[in-house]
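Numbering (this note's numbering), first residue to last: 4 to 287.
And the structure:
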């Protein structure tokens, strides 16, 4: 049965165990079973404290990141792999089974031109090598297509599938995000179907990055599409209520995404539950 997650940008720009502990009553009440921990700077994470906390409260971790601006895996894949190495170490140490996100590129970097064949081949090769290294830590590697304003490399489910297939990696999966899908896809249903068995993780993100239900995403259609493809993995509410400095410019968030920040959890999670129930999408 599917599990509901929460990206911790909803509560703070950096992972903080005391902050999450204080939110436990709300998380348990809303059946949050997963917390997504950003690893933009893995050194920020106290792995022992984090693992003990997660095991104590029975919450599963997923880790995510995007590559920093100084790294270009097309011209220097070794630098990209070196950046991912400590993230793999931290993800495994806190008990995660996956590292996902824009693991193949930089959020906010575009060339001003369509993706080239060289960029595709080099990025696919990098994903394959990164996937192999992730496997050595017992991890899966997710790739998240982003909208055209954040990358020119991978914008759609079809793009992501092409990269996964070309990478040759057996432990790579597609990580879709309703915010990006709302911009780039024909429909939620077509995008989820396009992924096929590669679909492994879904961000539930409102069109304005705020509280689900306070934007333009058609949540009934999104959940109905998940039901149609039989998805039973993790769907995580992602809101940019707070943003890590490492990706603030790339995300182009210049104003608060929610008039009342608490609404993301207090109202957004409840809205997702209602939409899921109507569609017949069941959470554990």
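All C-beta atoms in this analysis are idealised placements derived from N, C-alpha and C, irrespective of residue type, glycine included.
Quick check on the burial criterion: 16 or more other C-beta atoms within 10 angstroms. Buried or exposed for residue i?
i	result
residue 164	buried
residue 219	exposed
residue 189	exposed
residue 242	buried
residue 53	buried
residue 263	exposed
residue 209	buried
residue 104	buried
residue 148	buried
residue 170	buried
residue 181	buried
residue 157	buried
residue 22	exposed
residue 248	exposed
Contact check, residue i vs residue j under 8 Å by CB: the rounded distance?
i	j	result
residue 223	residue 278	6 Å
residue 239	residue 69	Wrong, their Cβ atoms sit about 16 Å apart, outside the cutoff.
residue 77	residue 125	4 Å
residue 183	residue 150	5 Å
residue 102	residue 132	Incorrect: roughly 14 Å between the Cβ atoms, too far for contact.
residue 228	residue 192	4 Å
residue 109	residue 72	5 Å
residue 234	residue 5	7 Å
residue 276	residue 14	Actually they are not in contact, since the Cβ atoms of residue 276 and residue 14 sit about 18 Å apart, beyond 8 Å.
residue 106	residue 146	6 Å
residue 140	residue 95	4 Å
Let me make sure I understand the geometry here. Which of the options has the alpha-carbon closest to that of residue i?
i	options	result
residue 283	232, 262, 244, 111	232
residue 154	143, 116, 120, 43	116
residue 142	191, 90, 107, 286	90
residue 64	246, 93, 199	93
residue 16	230, 157, 48	48
residue 281	130, 72, 221	221
residue 185	225, 198, 81, 177	225
residue 260	215, 120, 113, 169	215
residue 61	167, 30, 118, 81	30
residue 111	213, 272, 51, 75	75
residue 10	33, 66, 34	66
residue 272	213, 172, 197	213
residue 20	237, 202, 43, 51	51
residue 161	199, 269, 130, 172	199
residue 196	211, 159, 254, 46	159
How far does the alpha helix (DSSP H) with residue i in it reach, from first residue to last?
i	result
residue 170	160 to 170
residue 22	20 to 25
residue 276	272 to 282
residue 83	80 to 96
What are the boundary residues of the beta strand (DSSP E) that residue i is part of?
i	result
residue 146	143 to 146
residue 68	63 to 70
residue 40	35 to 41
residue 176	175 to 180
residue 154	Premise fails: residue 154 is in no beta strand (DSSP E) and is neither H nor E.
residue 130	Note, residue 130: premise wrong, no beta strand (DSSP E); alpha helix (DSSP H) at 120 to 139.
residue 239	237 to 240
So does residue i have its beta carbon nearer than 7 Å to some heavy atom of the ligand ADP?
i	result
residue 285	Summarising the ligand content, the structure contains no ligands, and the ligand ADP is consequently not present.
Would you say residue i faces chain B, with C-beta separation under 8 Å as the test?
i	result
residue 177	Checking the listed chains, one finds no chain B in this structure; it contains a single protein chain.
Exercise. Touch check for the region 55 to 64 and the region 28 to 43: three-plus C-beta pairs under 8 Å?
Worked result: yes
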